[in-house]
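Residue numbers (full-length UniProt numbering), protein chains in the order written: chain A, 1 to 202; chain B, 1 to 202.
Here's the structure, in structure tokens; my notes come after.
2 protein chains.
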Amino acid sequence: MTLISEHIETDTREKILVVAERLFRQMGYQKTTVADIAKELRMSPANVYRFFDSKKAIHEGVARTLMGEVEAAAQSIANRPGPAAPRLRELMKTIHRMNSERYVGDSKLHEMVEIAMEESWEVCVAHMQLVTEIIGSVIAQGVATGEFEVSDLQTAAMCACTGMMRFFHPQMIAQCATKPGPTIDEMIDFIIAGLSPRAKAN
Amino acid sequence: MTLISEHIETDTREKILVVAERLFRQMGYQKTTVADIAKELRMSPANVYRFFDSKKAIHEGVARTLMGEVEAAAQSIANRPGPAAPRLRELMKTIHRMNSERYVGDSKLHEMVEIAMEESWEVCVAHMQLVTEIIGSVIAQGVATGEFEVSDLQTAAMCACTGMMRFFHPQMIAQCATKPGPTIDEMIDFIIAGLSPRAKAN
């Protein structure tokens, strides 16, 4: 019985997040109330509050799900065998594509991202740290095979990530989409050059 | 007589911009009206409109002045003699420092930047293109002496600039100031590595 009720609890939690995400997309985050989410699920607002103690907590749950999908896709590319540079490229282009689809085409979700940036920085920071770690793991594989050469792995991973800000950060993707600048492949070439073995100084 | 009246016209234009900048800093851009600016200068709003046809035009004038100071500082570093890498570092740190001082410490001016990003993109884009050109000129000097090695100068300049977004872009400076990430020197090391001669492939 315990297992079944736990399963139901998890299930309800997930249902709340799925409905919340849909309403945030349709109506915008600001306009969606906990009562709207409850009504859609045919439950009382009090029942929703049993699972999430605030609208902010629901918002963080939705954000975690969306970010978790990007993390899973990045991790699965990092786990593949083969040379590091092409995998780093694919991984970076995947993050860019997923973030563009999720947050930029959809102006209502874009609003959600802006609020996450302001109100739920811990969630965003945790996501960026995980993405940096995944990128760092591919760089480490490249260092092991002599494809890459870095003096400090953690710094190299942070710089590679930070250098891609125009293509990773939802607000920057939206702001820069139609502005002059390098293509994503040119930017990744530049990052890979920065990770590649140097000529020995004369 | 023509010269004198032209001089007076330029002078009035500049006075309007100086007063407007001060009021934007004190009261914020949204709250400052053309009437406020005129009153401060003891002239009629109609007279202000002889020089600037809208508040947006005044705003662009103020933004141009602020950006022009950054461009002048960057250009003067680019014009100096000596090795390219340390000058590129100094130039990039100067842009970061000036943009931090101007737009981040001062929350009212930060509002002005956000509006410039939305309403006066041409002004911002022109500034970024000029900064990219100045950075490109230092990279070109480094290529000429063999310090740097790039396949396409324009692309290298755009990538070097774009890679510094966390440290150049006023909104990103503000958003990332207290967040995990590389130091500006680490980021510049990474950019310089990307510009440095590669080891020949085996």
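C-beta atoms are modelled at their ideal positions from N, C-alpha and C, and glycine is treated no differently.
| said: Using C-beta distances below 6 Å, list every residue in its chain close to B/Val138, excluding the 5 sequence neighbours before and after it, in chain order. | reply: Cβ contact annotation for B/Val138 (same chain, cutoff 6 Å, sequence separation greater than five): Ala78, Ala84, Arg87 and Leu88, in chain order.
| query | So is A/Glu186 in contact with chain B if we call contact Cβ pairs under 8 Å? | reply | For A/Glu186, the answer is yes, since a Cβ of chain B falls inside 8 Å of its Cβ.
| message | With a threshold of 8 Å between beta carbons, is B/Gly163 in contact with chain A? | response | With 8 Å as the cut-off, B/Gly163 counts as an interface residue toward chain A.
| request: Please report the residue range of the alpha helix (DSSP H) in which A/Thr155 lies. | output: A/Thr155: member of the alpha helix (DSSP H) spanning Leu153 to Gly163, first to last residue.
| Helix or strand or just coil, what does DSSP make of A/Arg102? | Of the three classes helix, strand and coil, the one that applies to A/Arg102 here is helix, per DSSP.
| Short-range partners of chain E found in the region 123 to 150 of chain A, where Cβ spacing is below 7 Å | Among the protein chains in the structure shown, which are A and B, there is no chain E.
| message | Strictly by DSSP, which residues pair up with A/Arg198? | response | Bridge partners of A/Arg198 according to DSSP: B/Arg198.
| task | Classify B/Thr33 as buried or exposed, calling it buried when 16 or more other Cβ atoms lie within 10 Å of its own Cβ. | result | The residue is exposed, with fewer than 16 neighbouring Cβ atoms inside 10 Å.
| query | What number of angstroms, rounded off, separates the C-alpha of B/Gly181 from the C-alpha of A/Thr155? | reply | Across the structure, B/Gly181 and A/Thr155 are spaced so that their CA atoms are roughly 8 Å apart.
| task | Check the Cβ-Cβ distances between B/Met98 and every residue of chain A, and say whether any is below 8 Å. | result | Judged by the 8 Å Cβ criterion, B/Met98 is not in contact with chain A.
| said: Distance check for A/Glu186 and A/Asn202, CA to CA, integer angstroms please. | reply: With a pLDDT of 42 at A/Asn202, under the threshold of 50, the modelled position of this residue cannot be trusted, and the question is left open.
| Can you check whether the CB of B/Gln175 is closer than 8 Å to the CB of A/Met172? | Inclusion of A/Met172 and B/Gln175 in the CB contact set at 8 Å is not warranted, their separation being larger than that value.
| request: Using beta-carbon positions only, say whether A/Leu109 and A/Arg25 come within less than 8 Å of one another. | output: For the pair A/Leu109 and A/Arg25, the CB atoms are nearer than the 8 Å cut-off.
| query | Cβ of A/Lys93 less than 8 Å from any chain B Cβ? | reply | It does not; no Cβ of chain B falls within 8 Å.
| query | Would a check of beta-carbon distances place B/Glu9 closer than 8 Å to chain A? | reply | No, B/Glu9 lies away from the interface with chain A (no Cβ there is under 8 Å from its Cβ).
| said: Just to make sure I have the definition right: I need the residues of chain A whose C-beta is within less than 9 Å of the C-beta of B/Pro197. Which are they? | reply: Here the neighbours are Arg198 and Ala199.
| field | 6 Å Cβ shell around B/Ile191 - same chain, five flanking residues per side excluded | value | If the five residues before and after B/Ile191 are omitted, its C-beta is found closer than 6 Å to the C-beta atoms of Ala160 and Gly163, all from its own chain and listed in chain order.
| field | Burial state of A/Ile8 (16 or more Cβ within 10 Å) | value | Classification of A/Ile8: exposed, given that the 10 Å Cβ count is below 16.
| What does A/Gly194 reach in chain B if we use C-beta pairs closer than 8 Å? | Under the 8 Å cutoff, chain B gives Phe190, Ile191, Ala193 and Gly194.
| query | Name the chain B residues that come within less than 8 Å of A/Thr12, Cβ to Cβ? | reply | The premise fails here: A/Thr12 is roughly 34 Å from chain B at the closest Cβ pair, so nothing lies under 8 Å.
| field | CB-CB length for A/Thr12 against A/Phe51, believed under 8 Å | value | Sure, about 6 Å apart at Cβ, within 8 Å.
| Whether B/Ser100 touches A/Arg198 by CB criterion (8 Å) | Going by C-beta atoms, B/Ser100 is not nearer than 8 Å to A/Arg198.
| Along chain A, in chain order, which residues have C-beta atoms closer than 8 Å to that of B/Met172? | Residues of chain A passing the Cβ test: Met165, His169 and Met172.
| Candidates A/Lys31, A/Glu71, A/Phe167 and A/Ile37, of which the one nearest A/Lys15 by Cα | Of A/Lys31, A/Glu71, A/Phe167 and A/Ile37, the residue nearest in Cα terms is A/Ile37.
| Under the rule that 16 or more other beta-carbon atoms within 10 Å means buried, what is B/Asp189, buried or exposed? | With 16 or more other CB atoms across the displayed protein chains lying within 10 angstroms of its CB, B/Asp189 is buried.
| task | Please name the residues in the region 63 to 78 of chain A whose beta-carbon is closer than 8 Å to at least one beta-carbon of chain B, in chain order. | result | Listed by position, the residues of the region 63 to 78 of chain A near chain B (Cβ gap below 8 Å) amount to none.
| query | For the putative contact between A/Ser120 and A/His59, defined by C-beta atoms under 8 Å, what is the C-beta separation to the nearest angstrom? | reply | Indeed they touch by this definition, with Cβ atoms about 7 Å apart.
| task | Starting from the Cα of B/Gly82, find the closest Cα among B/Gly142, B/Ala177, B/Ala73 and B/Val131 and give me that residue. | result | Comparing Cα positions, the closest option is B/Gly142.
| task | Measure how close the beta-carbons of A/Val104 and A/Ala63 come, nearest whole angstrom, since I'm counting them as under 8 Å. | result | Actually they do not touch by this definition, with Cβ atoms about 15 Å apart.
| C-alpha distance - B/Asp27 paired with B/Tyr49, whole-angstrom precision | A small correction: the amino acid at residue 27 of chain B is Met; Asp does not occupy that position in the sequence shown. In a straight line, the C-alpha of B/Met27 is about 21 Å away from that of B/Tyr49.
| said: Closer than 7 Å between beta carbons: that is the criterion. Which residues of the UniProt DNA-binding region "H-T-H motif" (33 to 52) of chain A meet it against chain B? | reply: Under the 7 Å Cβ criterion, the UniProt DNA-binding region "H-T-H motif" (33 to 52) of chain A contributes no residue.
| request: Starting from the Cα of A/Ala57, find the closest Cα among A/Arg42, A/Ile115 and A/Leu41 and give me that residue. | output: Of A/Arg42, A/Ile115 and A/Leu41, the residue nearest in Cα terms is A/Ile115.
| Pick from A/Glu149, A/Arg166, A/His96 and A/Glu71 that is closest to A/Ala126, judged by C-alpha positions | When A/Glu149, A/Arg166, A/His96 and A/Glu71 are compared, the shortest CA-CA separation from A/Ala126 is found for A/Glu71.
| said: For chain B, check one thing: does any of its Cβ atoms lie closer than 8 Å to the Cβ of A/Pro180? | reply: It does: the Cβ of A/Pro180 has a partner Cβ on chain B nearer than 8 Å.
| For A/Arg102, does the count of other Cβ atoms within 10 angstroms reach 16, so buried, or fall short, so exposed? | With 16 or more Cβ atoms within 10 Å of its Cβ, A/Arg102 is classed as buried.
| request: Rank B/Gly68, B/Gly194, B/Lys179 and B/Arg97 by C-alpha distance to the C-alpha of B/Glu147 and give the top, closest one. | output: Restricting attention to B/Gly68, B/Gly194, B/Lys179 and B/Arg97, the CA atom closest to the CA of B/Glu147 is found in B/Gly194.
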